[in-house]
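Below: the structure, in structure tokens.
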Amino acid sequence: MSTRLESKECRSIIKALKSGVVPGDGVDRIVVGREEILKQLRMDLQDVGDAGSGFKFYAGDYGSGKTFMCSLARNEALRQDFVVSFVNIDARELPMNKMETIYSRIINGMRTKDHKNIPAFDFILQEWLFKLETKVQKEQNLDPLNPDDSEKIKNFISQEINEQLENIRHFDSSLANAIRGYYEAVRTQDKEVETAALGWIKGEANIPPKYKSKFNVKGNVNKDNAINFLKSITQLMVNIGYKGVVIVFDELELIRNVRHDLRNAAYENIRYICDMAAKEEIPNSYFIFAGTEDVFQDEVKGIPSYQALHARIKSDKSFIKGKVRDVRAPLIYLDNFDEERLNQVSHKVLEVHEIAYEWNTKGLITEKVISALIDRIANKFGKVSSVPRGYLKAFVDLLDITEQNKEFDPTKDFITNDKFLNDFMQVEKMETPQPELVEF
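Note that the numbering used here numbers the sequence shown so that position 84 is 134, with each residue one more than the last.
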């Protein structure tokens, strides 16, 4: 019998699929055809946790499971106690041309296993300070409610902070000063300085000088120091007890829609990050970049237009013709769904739905019913490679109706019912949005 938490997770998966979106949690329950890629990811993360670094590019058209793969990577990293930042590239807000903006989005996008759905950076710092206070009080036998002990606790914690920040000083001393200033502001309940210090650490550029002077920093995060700041933050995460930081950039193809100079700056920033990761100069960091195949093949506006980056990641797509592939390559093309994989994922979704709503589909959702839905989609659109999201929505609709209506017999009532196909077509219209050109 399934547990309450297991049933809840399965219901969340079903609700996401029914809405036509990739589930946030539990995607490993319905993964098919990605076992070798996932195995390599786990090996990569093991190396990253041992002070290594790395990067990977995932290429896949709509329907290939690109976003699904990113979600799978995110969940695997969280499971292994990494801090994960999932960053959606935006042609207007984040075209990747400014390293300081990239840094800020990474920090604000951080999530942990205990804080999956809300910004986690603030909680991480608070958790760290709480652990330091608890450690000092226990080791030194001090009482925080005793005024005589309060100053001793402050001094011991300052010493602990100094020791833990020592290994990030060679990256950037300003960040160490800001973190210490943040602690002092928390301790003295100076909310204005606390907010200012935290904002400065997270890359906010409009912190007034009067506040910055209180935690002994000048300037802001900029293109010259952003990577060093990221190194420092990553090492702080390791000091706190996490394995490192995994950063996922999705929708890489949107970079093609900005003007030429911004586009080249974006590709140069990505190249720089990849070079640093390849040389393991960003310890405990792993970068994932995902986009449609266009961005990896477009010689005018895509990555091939910027040879410095293209030369580092180009991959011979012929390797995926058939069953031969190199999952250790920097660029992996995700093969599209075919009828066999749709059938496999259907059975996995079936199992999840049974757990979610505690029912038995035996004798109701038969192989004949599943094949009928797949065949109808293939006959209507000529292929199933670009429609798994719409198919899964239609399939969940079928499961929901069957579970809720005891008189409904999918074997008899479904095969001649056009409603499910119409529902599918509505979702399919949303699958391939056409991005507009952004000039600024």
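The C-beta atom is built at its ideal place from N, Cα and C for all residues, glycine as well.
Residue i by DSSP, collapsed to three states: which one?
i	result
P485	With a pLDDT of 38 at P485, under the threshold of 50, the modelled position of that residue is not reliable, and no figure is offered here.
I63	helix
R79	helix
T238	helix
K106	strand
V71	coil
S114	coil
T184	helix
L144	strand
G291	coil
G159	coil
L195	coil
A444	helix
I305	helix
L55	helix
Rounded to a whole number of angstroms, what is the C-alpha to C-alpha distance between residue i and residue j?
i	j	result
F132	D100	12 Å
D311	E234	43 Å
S421	L55	32 Å
I64	V399	8 Å
D97	V419	45 Å
T53	S62	14 Å
R378	L95	13 Å
L414	E408	15 Å
F387	P259	55 Å
Is it buried or exposed, residue i, if we count other Cβ atoms within 10 angstroms and call 16 or more buried?
i	result
F279	buried
T151	buried
H403	buried
F92	Residue identity differs from the one stated: residue 92 is Arg in this sequence, not Phe. R92 is exposed by the Cβ-count criterion.
P145	buried
F180	exposed
Q285	buried
R124	buried
R309	exposed
R313	buried
G269	exposed
S41	The requested residue 41 is not part of the displayed model; the chain covers only 51 to 490.
K293	buried
P194	exposed
R129	exposed
K281	buried
Flag this pair as yes or no: are the beta carbons of residue i and residue j separated by less than 8 Å?
i	j	result
V298	N334	no
S114	D376	no
R155	V134	no
E183	I203	yes
A550	A247	With the chain covering only 51 through 490, there is no way to say anything about residue 550.
I382	A127	no
Y232	E242	no
G336	S103	Here the sequence assigns Tyr to residue 336, which means Gly is not the residue at that position. Contact: yes.
I290	I168	no
P106	I338	The sequence shown places Lys at residue 106, rather than the Pro named in the question. Result yes, Cβ atoms of K106 and I338 sit closer than 8 Å.
V395	V82	yes
Y153	A340	no
P380	R362	yes
D75	K166	yes
Margin query: Counting beta carbon pairs with one atom in the region 301-321 and one in the region 261-271, are three or more of them shorter than 8 Å?
Written below: no
Notebook entry, point to check: Counting pairs of Cβ atoms below 8 Å between the region 198-217 and the region 140-153, do you hit three or more?
Noted result: no
Next item on the list: Report yes or no: do the region 75-93 and the region 342-350 share at least 3 C-beta pairs separated by less than 8 Å?
Entry: no
Next item on the list: Give a yes or no on contact between the region 238-258 and the region 295-307, applying the rule of three or more CB pairs nearer than 8 Å.
Entry: no
Next item on the list: May I ask you to verify whether the region 391-406 touches the region 442-451, counting CB pairs closer than 8 Å and requiring at least 3?
Entry: yes
Item checked: Cβ contact check for the region 412-429 and the region 105-113: 3 or more pairs under 8 Å -> no
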